[in-house]
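Trainee: My questions all concern the structure below.
Residue numbers (our numbering): 294 to 492.
The structure is reproduced here in structure tokens:
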């Protein structure tokens, strides 16, 4: 795996709050090497370690994408998607008031747009990216059992030893997740385009 530069800056990470963790009473002791200290009742994540592991994850994702491997991004909203599809098929949405039914149908179309591609997967993914280790623990255990490499976003209450590459970050803030997701998606797209150019 070749080391590359992925333009990961501390200012950018500080701006979106990547360094904020959980309260000290909720922490996992295995996260001690990734915690810089405590401030105003919350743990502060060491951004140097975050940048290092994010860079490693980007290198892994680029190498995998440039060889044509398939990725799966795991996030909790899939459960909502299944529930809404089930309600639509059974006709429960029709028995709701019009306003509620319209709102749920709009949410269903939004989830269909973002999660509809999973039903076309014909084989197991080669790499899985997990965005909330605490919520997606079952998916992480399945990946470990199947031997699928995982990249996981972990907060100060998570176990860093479970995933192959754990990125210590604030997994509760949308801006923090968006920053890391944008970096990983950019890297995957770069790797995929180099794979297409080779073939």
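Where a beta carbon is used, it is the ideal one built from N, C-alpha and C, also for glycine.
(1) Quick one: using the 10 Å Cβ neighbour count with 16 as the cut-off for buried, is residue 490 buried or exposed?
(2) When the distance is taken between beta carbons, is residue 453 closer than 8 Å to residue 323?
(3) If you draw a straight line from the alpha carbon of residue 417 to that of residue 357, how long is it in whole angstroms?
(4) Taking 8 Å as the limit between beta carbons, can you name the residues of its chain near residue 414, skipping five residues before and five after?
(5) Could you tell me if residue 463 is buried or exposed, where buried requires 16 or more neighbouring beta carbons within 10 angstroms of its beta carbon?
(6) Report yes if the CB atom of residue 469 is closer than 8 Å to the CB atom of residue 459, and no otherwise.
(7) For residue 274, which of 315, 488, 389 and 342 has the nearest alpha-carbon?
(8) Would residue 403 be called buried (16 or more neighbouring beta carbons within 10 Å of its own) or exposed?
(9) Is residue 311 helix, strand or coil by DSSP?
(10) Quick check on residue 346: buried or exposed, where buried means 16 or more other Cβ atoms within 10 Å of its Cβ?
(11) Which residue marks the beginning of the alpha helix (DSSP H) containing residue 479, and which one marks its end?
(12) Any chance the stretch 422-433 sits against the stretch 304-318, with 3 or more Cβ pairs inside 8 Å?
(13) Quickly, what does DSSP pair residue 518 with across the bridge? List them, please.
(14) Just to check my reading of the structure: residue 351 and residue 477 have Cβ atoms closer than 8 Å, yes? What is that Cβ distance to the nearest angstrom?
(15) Assuming residue 443 contacts residue 456 under a Cβ cut-off of 8 Å, what Cβ separation, rounded to an integer in Å, is found between them?
Mentor: In this structure, then:
(1) Around the beta carbon of residue 490, a 10 Å sphere encloses fewer than 16 other beta carbons of the protein chains shown; the residue is thus reported as exposed.
(2) Annotated as proximal: residue 323 and residue 453, with beta-carbon spacing under 8 Å.
(3) Rounded to whole angstroms, residue 417 and residue 357 show a C-alpha spacing of 14 Å.
(4) Once the five neighbours on either side are set aside, the close Cβ partners of residue 414 are 363 and 365.
(5) Looking at its Cβ environment, which holds 16 or more other Cβ atoms inside 10 Å, residue 463 is buried.
(6) No. Outside cutoff.
(7) Residue 274 lies beyond the residue range present for the chain, which begins at 294 and ends at 492; the question has no answer from this structure.
(8) With fewer than 16 Cβ atoms within 10 Å of its Cβ, residue 403 is classed as exposed.
(9) Here DSSP, grouped into helix, strand and coil, assigns residue 311 to coil.
(10) That one is buried.
(11) Looking at the DSSP string, the run of the alpha helix (DSSP H) that includes residue 479 is 467-491.
(12) Contact check between the stretch 422-433 and the stretch 304-318: fewer than three CB pairs, one atom from each, fall below 8 Å, which does not count as touching.
(13) Only positions 294 to 492 of the chain appear in this structure, which leaves residue 518 out of reach.
(14) A Cβ-Cβ separation of about 7 Å places residue 351 in contact with residue 477 under the 8 Å criterion.
(15) So it is a contact: roughly 4 Å between Cβ atoms.
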